[in-house]
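Enquirer: Quick mapping for you: the protein sequence lines, in order, are chains A and B.
So for the first sequence, our numbering puts the first residue at 961; every next one is plus one.
So for the second sequence, our numbering puts the first residue at 10; every next one is plus one.
Even glycine gets a Cβ: it sits at the ideal position worked out from N, Cα and C.
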Amino acid sequence: MKAPRTSGGLLRLIVLALIVLSVLVFVILLGPSRAVRIAAAASSHVLIDGFAESPGPHRIPVIDVQVDQSALDSLGADLPWSGGDAVRARLIANGVEHKARFRYRGVVTPSHYLGGKRSFRLNMKRSGPWSPYRRVNVINPKAHNLVNDHMACWVAGSMGVPVPMNEMVFTRINGQDHGVMELYEQVDGDFERNRHLWPRDVPVYKGDYPAIEGRTLPKGRTLWSNAAFWEYASDADSSDARAKLERLIAALQKDSLPMEAHRDSIAALIDVETYLRYEAALLVLNTIHIDQYHNQWLVLNPRTGRFYPVLWDALLLFAPPGEPLYYVNDAMSWWALRIPEWRLKRDRYAYEAMVRLHRQGDFDQELDAVIERIMPSVLADRNKYGNVTLLPEDVHRVSLAHVVGSLAGLRQGINAHWERTLQRLSSTEASIERGTELRIRSGSAAPLRVRWQGDAGAVMIDGQPIAPETDGDAFFFVLHRDLVPPPGGKDHPLVDRQRLEVRPLDARITFATGIPASLIVTNAITDEPIR
Amino acid sequence: MSRSARGRSVGPLPWIAAAAVVAALFFLLLRFVDTDHLAGRWPLGIRAAEVDAYAGALEWRMDSTAARAERYLISSAAGQCPTELTGAGWSRHWFEADGFGDSVRVRRLRTARGGFVLKFNRNEPFHAQRHIVLVPATWQSIRAKYLEIIAEDLGLQTPEVSFVRVIACGRDLGLFLKEERIDADFLEKRGLAGASLAEQGHLARRPDHLFPAFNGDSTAQRMVNAILESAYDDIVDGERGVLPYVIDAGPASSLALMALIEHGQQAFANEHLLAYDWSRGRLVPLYRHARAVDEEMPRQQRMLDALTATLREPLTREAIRAGWLRLADESWRLRERFAAMDRAWLPILSEGGSLRMVQARAMQMQEELIGRERLAQDPLEQLDAALVRYAGGGAFAPARAANRYWPGAEDERILRSIADRTRAFVRGDTLVFPRGTYTIAEDLTVPYGHAVVMEEGARLEIAAGASVMVQGPLAVRGTRRNPVFIRPADAQAFGVFAVVGDGSFDVRIAGLQMSGGSEARMNGVYFSGMLAVHGAATTVLENCIISGSGGEDLVNVKGGLVELRDCVFEDGFADLVDLDRCIGSVSGCVFRSGRADANGDGLDVSGARVRVVGCAFERMMDKGISVGEASQLLVMDSRFEGNRLALASKDLSVAYVSGNTFRDNGIVFGAYRKKPIYGGARVMRYANAYEGNTRDQEVDDLSAVVARDTLEEATLRMFE
């Protein structure tokens, strides 16, 4: 059969040649990997997303914002530097217009201001549609799965960690669909009022990059080295809070005082229970996105007079897989890990949470519910934008395939992290020799609890006397593990991104009255007996 | 095989014939098929609206009626019509309806599209309502009426739903569902005066749903948060919770049933309203139909909160089962009420459409709400869900209610420790104060259900600011010669001596001489009276002398039967005796004021029916007797002397006055509306003696003082 030589066939050939040429040009300009990723994202958006017809009504709130288009254009033309400039806006809810202030946001993260789905902040009146919240961020989710931060908030909130209100929403700006975004509360003096805990503003400090001055990106500062690096974010009187923050920062500095002195000073100024849950959440979320320089909040609890942290922009799985158990996010976490009983508490909180979230399936259940909730909106969203390469400026259209793939990746990644971490925490690898003395050796990470019934007696560990504790039924002590920096590593609260390793245990324990017959050794994190 | 490539033209006739056949089939279907079938669910994704559209065009049953809804007319300044309002703020308009006309404030309803909130002037409420909410109505809005009926039947406080036609700026906006907004006035009309209103959401991921949101009442907020935190801790620890002492099982179970009936699987997806009743220290669930809930929403994790937690209480669970069974047994009664509502409202709501179709659909709606199939399901199975306190709940623990008392296993020990501390003794389950002096150095809460007996000669000296609260029967056994004394321990006022009951026991106080107290908040209850009795079945005071308080009332009795005999009440800072929502009598008592700085009433009666016989009201700086809030009062053979106003009847109250002497008073009778949500009042004046009074009466336009000759037998019987 002879192929017909028609003008249509020729046209097709020309178009094909142009496409190949354009790809070649981009391959040459951007490099093959980058060009292919951008092209694949764009083409999958065109080929896949258009098939989603009649996705059904939204099951997440719809944010309908009206902003003067010329004002919006002006702001958009000067991003990211216009991020601090707010313009008047109206938020439409149930046909009612609510006055608001609108500004774009994000200087450090290009996915906030590049591409067609720009993140913004709304300031509303207290009677606004998101009451009691007055200031909310509406951001383009950083991960393709859209729910990374939303789920991180949920995970940490379920662990008893203060988190901002976080909802998935579908946004419209000036009548145009803007797509699925993440709305979350801006932490400020209203934090406790928003939770119906306190009728007035409470002191709040923000630990982040300094505010932009001029048109340069700010440089990070080591927050825990100076109270002046913390920005006061409340209308409440700050005098007491400021003095406490200064004292807290002083207590975090490494000096010749014993660990116990630091511990007691810190405990008087920060809600240790909440802080350890927060530290546990960082481990559970596997994030290092909260660090010495940014993403920190401290709220002064007016009922206890102590600060508590708020989990902010944690990002699930932000850390590479396989980070050690004892990663130092910042000076506070250095002390939390250095004080053995605090570290044990953190590990127990993390372990309990992972058992609930992973082994009992709570996370998958919630993720399924969230997916079910956002799905009609994700299908309706033709404005998905995200980073398609590792380069921050490569914010391009992405498709439903990216969302689906990323969701699967999130599920798989977090489950793998939890499985690995649970194994590390619950390892019962130890050798126990009973003779005239008890010798316990272990190469795994978990501290061990030695427990017996009967007489407390005199107990010595490696020749040092200790005072056993009692829980009413029995006596016990915990063999905490020593943490050491890796070879060449530094061991200081203010050093960035430290990892601490667990030194192998080799303890010789003597009991004045001989080794009690009822003695058992358990993993102090999981309470599982060592066999 | 070949076919012609040439197209064959189809003439107009086959087209017309085809259309006519289809139309005829539709007509026959819609004309003769029973509406119950037409109103049912259709296959192939055919929606009810499509059936209605066809029925509107083709069905010729001509069954629509010309029923008329009440009309609300809203007039506005040019360019200010409510429909043109887009913002969330208030604007002023002229409102007319049913003989009422006034300038009102209007704003868009924030929670439902197309709705409005109307706010009336405080002094000119509309049908005793300060705020009303108007939401565009369709025939489906009848569901809200059904829900109101069910809620009422379950004993919940709920606003009345009706339907009106709204005409704004000369344009007919159509039918609207009208209901009163739940506000302070709504609560007051339902016996919850002064209660604090709160909203409670139930989504586990929302930090603002951790605690109920009290709008602007930080005292209630802090106190309730602390109580609830204790309750949650108890639940987590698996202990017997304090919740039954905070929320009554009855209303809590009713609200859960309403949530289930209204929303099914989404029972706790929307927010609920609660009122904190300061007189009992209890949260009272209120019901209002939801304005918008997405029934298709996947089930969301539920917060352990003030309402959901009650679902774990055995008493509430029992009440839910019982309520559900009762609904099943007596659904015929509800259906009768539904039918009456259908007759009243469906002709209005079906405007322009087929009434029969709407009736059929309404029947299906009723079936979905309280149908046999629905009520055969286990309510608890549908309501039960895991409850969690997420969103950081573990971090915020407010200060726990350390000083609050809850019934529990410790009661016996507490009773004995009270006895040890005060040197009283315990006999059985009763705390007895025999003759002697007892110093109460700090707040004393007698455990729930335990009686207190004070023998003649007993003398309680209560420290400054401290209070005593009894939660069981109280017997004060003094006499005029050998009284029981309750006095301040030093020069400063103590708080209160109070009894809080659940309507199951009596308070009998004889020969008590009490002075030097004030008012107090204790265990979550606000006591306005130095001697306060809340919720006793019967309260009897005889031969008592109660005087010199620094609080709002000398004596305050709330609820139950009350009998005051041969007592002297004098020198209060404000009112002497305040009887709220009681039935009873006052006889042979003296009410007098010798203080120049006091400004109160002798006897203040609210929402009550009281007979006053043979009493004296002397030198009261305000009123001898003040009767308000739809009370009935009979005053006979009493003496009013030197009062600013001898007897005032207010707010829909009626006072029957016969055989009394009024001497040297500023004004003899007052009759007026004080609280705008009520109407005017009446004084029925029979034969009385009047001497030296400055003025006979002070009456407003809504009220009257009516002179009558003979006190009717029927009136006397009303007060027996």
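(1) From V1315(A) to D1168(A), what distance separates their C-alpha atoms?
(2) With DSSP collapsed to three states, give me the class of N1108(A).
(3) On the criterion of 16 or more Cβ atoms from any shown chain inside 10 Å, does F1435(A) qualify as buried, or is it exposed?
(4) Which word fits A395(B), buried or exposed, when buried means at least 16 other C-beta atoms lie within 10 angstroms of its C-beta?
(5) Closer than 9 angstroms between beta carbons: that is the criterion. Which residues of the stretch 115-137 of chain B meet it against chain A?
(6) In three-state DSSP terms, what is R1380(A)?
(7) So I686(B) and R139(B) are in contact, right, with Cβ under 8 angstroms, and what is the actual spacing, rounded?
(8) I'd like to know whether the C-beta of Y399(B) is nearer than 8 angstroms to at least one C-beta of chain A.
(9) Can you tell which of T1234(A), L1039(A), I1331(A) has its C-alpha closest to the C-alpha of V1121(A)?
(10) Below 7 angstroms CB to CB, which residues in the same chain sit around Q375(B) once its five sequence neighbours on both sides are set aside?
(11) Around the Cβ of Q209(B), are there at least 16 other Cβ atoms within 10 angstroms (buried) or fewer (exposed)?
(12) Could you tell me the distance, in whole angstroms, from the CA atom of A1193(A) to the CA atom of G1180(A)?
(13) For a cutoff of 8 angstroms on Cβ pairs, would you count M10(B) as touching chain A?
(14) Hey, would you say the C-beta of P1336(A) is under 7 angstroms away from at least one heavy atom of the ligand FAD?
(15) Taking 8 angstroms as the CB-CB limit, is P221(B) close to chain A?
(16) For chain B, find out if any of its Cβ atoms is closer than 8 angstroms to the Cβ of M1125(A); answer yes or no.
(17) Return helix, strand or coil for G167(B), following the three-state DSSP convention.
(18) With distances taken from CA atoms, which of D511(B), Y285(B), G437(B) is nearest G481(B)?
(19) So, for D1251(A): in the same chain, excluding its five sequence neighbours on each side, which residues have a beta-carbon less than 8 angstroms away from its beta-carbon?
(20) My guess is that L1275(A) and N1126(A) are in contact by the Cβ rule of under 8 angstroms, so how many angstroms apart are they, rounded?
(21) Using the rule of at least 16 other Cβ atoms within 10 Å of the residue's Cβ for burial, across every protein chain shown, is H46(B) buried or exposed?
(22) Apart from the five residues just before and just after E322(B), which ones in its own chain have a Cβ nearer than 6 angstroms to its Cβ?
(23) Let me see if you follow: with CB-CB separation under 8 angstroms, is S1337(A) close to chain B or not?
(24) So with CB distances below 9 angstroms, who are the chain A contacts of S227(B)?
(25) Within the chosen definition, does the stretch 192-210 of chain B reach the stretch 1081-1095 of chain A through at least 3 CB pairs nearer than 8 angstroms?
(26) Can you find a CB in chain B that lies within less than 8 angstroms of the CB of N1154(A)?
(27) Suppose contacts are defined by Cβ-Cβ distances below 8 angstroms. Is L483(B) in contact with P456(B) by that definition?
(28) I'd like to know if A278(B) contacts chain A, where contact means its C-beta is closer than 8 angstroms to some C-beta of that chain.
(29) Would a check of beta-carbon distances place G1075(A) closer than 8 angstroms to chain B?
(30) Taking Cβ positions, are P1445(A) and L1460(A) nearer each other than 8 angstroms?
(31) Does any residue of chain B bring its CB to less than 8 angstroms from the CB of H1058(A)?
(32) What are the residues in the stretch 1321-1345 of chain A lying within 8 angstroms of chain B by C-beta distance?
(33) Among the residues of its own chain, which have a CB less than 7 angstroms from the CB of K1214(A), if the five just before and after it don't count?
(34) Please tell me whether R214(B) has its Cβ less than 8 angstroms away from any Cβ of chain A.
(35) Look at the alpha carbon of V493(B) and the alpha carbon of A235(B), and state the distance between them as a whole number of angstroms.
(36) By the criterion of Cβ-Cβ separation under 9 angstroms, what are the contact partners of P91(B) in chain A?
Expert: In this structure, then:
(1) Numbered from its first residue, the first sequence carries residue 1315(A) at position 355. Numbered from its first residue, the first sequence carries residue 1168(A) at position 208. Their Cα atoms are separated by approximately 33 angstroms.
(2) Here residue 1108(A) refers to the residue found at position 148 of the first sequence. It is helical.
(3) On the first sequence, position 475 is the one that residue 1435(A) refers to. Label assigned to F1435(A): buried.
(4) For the purposes of this step, residue 395(B) is identified with residue 386 of the second sequence, where counting begins at 1. Exposure of A395(B) is indicated by the presence of fewer than 16 other C-beta atoms within 10 angstroms of its C-beta.
(5) Within the stretch 115-137 of chain B, the residues whose Cβ lies closer than 9 angstroms to some Cβ of chain A are R116, R117, L118, R119, T120, A121, R122, G123, G124, listed in chain order.
(6) Residue 1380(A) sits at position 420 when you count from the first residue of the first sequence. R1380(A): helix per DSSP, three-state reduction.
(7) Along the second sequence, one-based indexing puts residue 686(B) at 677. Along the second sequence, one-based indexing puts residue 139(B) at 130. About 7 angstroms separates the Cβ atoms of I686(B) and R139(B), confirming a contact at the 8 angstroms cut-off.
(8) Position 390 of the second sequence, counting from 1, holds the residue named residue 399(B). Taking Cβ atoms only, chain A reaches closer than 8 angstroms to Y399(B), which makes this a yes.
(9) The sequence position of residue 1121(A) within the first sequence is 161, counting from 1. In terms of CA proximity to V1121(A), T1234(A) leads the group T1234(A), L1039(A), I1331(A).
(10) The count along the second sequence starts at 1 and reaches residue 375(B) at position 366. If we look at Q375(B) and ignore the five residues flanking it on each side, its Cβ neighbours are Y155, R344, F347.
(11) As a working mapping, residue 209(B) is identified with position 200 in the second sequence. Taking every protein chain shown into account, the CB of Q209(B) has 16 or more other CB atoms within 10 angstroms, so this residue is buried.
(12) As a working mapping, residue 1193(A) is identified with position 233 in the first sequence. As a working mapping, residue 1180(A) is identified with position 220 in the first sequence. Roughly 18 angstroms between the two C-alpha positions.
(13) What you label residue 10(B) is simply residue 1 of the second sequence in a count that begins at 1. Confidence is the limiting factor: at M10(B) the pLDDT is only 44, short of 50, which leaves the residue's position unreliable, though a coordinate-based value still follows. Interface flag for M10(B) against chain A is unset, since no Cβ pair is found closer than 8 angstroms.
(14) Absent from the structure shown: the ligand FAD. Ligands present: none.
(15) Residue mapping note: residue 221(B) aligns to position 212 of the second sequence, counting from 1. By this cut-off, P221(B) is an interface position.
(16) Position 165 of the first sequence holds residue 1125(A). Closer than 8 angstroms to some Cβ of chain B, the Cβ of M1125(A) qualifies, so yes.
(17) Counting from one through the second sequence, the residue named residue 167(B) turns up at place 158. Here residue 167(B) turns out to be Thr, not Gly, going by the sequence shown. DSSP places T167(B) in the coil class of the three-state scheme, outside both helix and strand.
(18) Numbered from 1 along the second sequence, position 472 holds the residue referred to as residue 481(B). For G481(B), the closest alpha carbon among the candidates D511(B), Y285(B), G437(B) is that of D511(B).
(19) Translated into the one-based positions of the first sequence, residue 1251(A) becomes position 291. If you ignore the 5 residues before and after D1251(A), its C-beta comes within less than 8 angstroms of the C-beta of N1289, D1290, D1456, R1457, all in its own chain and listed in chain order.
(20) On the first sequence, position 315 is the one that residue 1275(A) refers to. On the first sequence, position 166 is the one that residue 1126(A) refers to. In fact, because the Cβ distance is near 13 angstroms, the residues do not count as touching under 8 angstroms.
(21) As a working mapping, residue 46(B) is identified with position 37 in the second sequence. Counting of Cβ neighbours within 10 angstroms places H46(B) among the exposed residues, the total staying below 16.
(22) Indexing the second sequence from 1 puts residue 322(B) at position 313. Answer for E322(B): L252, P253, listed in chain order.
(23) Locating residue 1337(A) in the first sequence gives position 377, where the first residue counts as 1. No, S1337(A) lies away from the interface with chain B (no Cβ there is under 8 angstroms from its Cβ).
(24) Locating residue 227(B) in the second sequence gives position 218, counting from the first residue. Residues of chain A with a Cβ closer than 9 angstroms to the Cβ of S227(B) are, in chain order, W1158, P1159, R1160.
(25) Short answer: they don't touch.
(26) To locate residue 1154(A), count along the first sequence from 1; it is residue 194. Taking Cβ atoms only, chain B reaches closer than 8 angstroms to N1154(A), which makes this a yes.
(27) The sequence position of residue 483(B) within the second sequence is 474, counting from 1. The sequence position of residue 456(B) within the second sequence is 447, counting from 1. Cβ distance not < 8 angstroms, so L483(B) and P456(B) don't count as in contact.
(28) Residue numbering aside, residue 278(B) sits at position 269 when the second sequence is read from its first letter. Under the Cβ criterion of 8 angstroms, A278(B) is not counted among the residues facing chain A.
(29) Residue 1075(A) sits at position 115 when you count from the first residue of the first sequence. No, G1075(A) lies away from the interface with chain B (no Cβ there is under 8 angstroms from its Cβ).
(30) Here residue 1445(A) corresponds to residue number 485 of the first sequence, with the count starting at 1. Here residue 1460(A) corresponds to residue number 500 of the first sequence, with the count starting at 1. Cβ distance < 8 angstroms, so P1445(A) and L1460(A) count as in contact.
(31) For the purposes of this step, residue 1058(A) is identified with residue 98 of the first sequence, where counting begins at 1. Yes, because at least one Cβ of chain B sits closer than 8 angstroms to the Cβ of H1058(A).
(32) Taking 8 angstroms as the Cβ-Cβ cut-off against chain B, the residues of the stretch 1321-1345 of chain A that qualify are E1326, A1329, E1332, R1333.
(33) Start at 1 with the first residue of the first sequence, and residue 1214(A) comes out as number 254. If we look at K1214(A) and ignore the five residues flanking it on each side, its Cβ neighbours are H1452, P1453.
(34) Reading the second sequence from its first residue, position 205 is the one you call residue 214(B). R214(B) belongs to the set of residues whose beta carbon lies under 8 angstroms from a beta carbon in chain A.
(35) For the purposes of this step, residue 493(B) is taken as residue 484 along the second sequence, with counting starting at 1. For the purposes of this step, residue 235(B) is taken as residue 226 along the second sequence, with counting starting at 1. Between the alpha carbons of V493(B) and A235(B) lies a distance of about 37 angstroms.
(36) One-based indexing of the second sequence puts residue 91(B) at position 82. Residues of chain A passing the Cβ test: none, with the nearest at roughly 12 angstroms.
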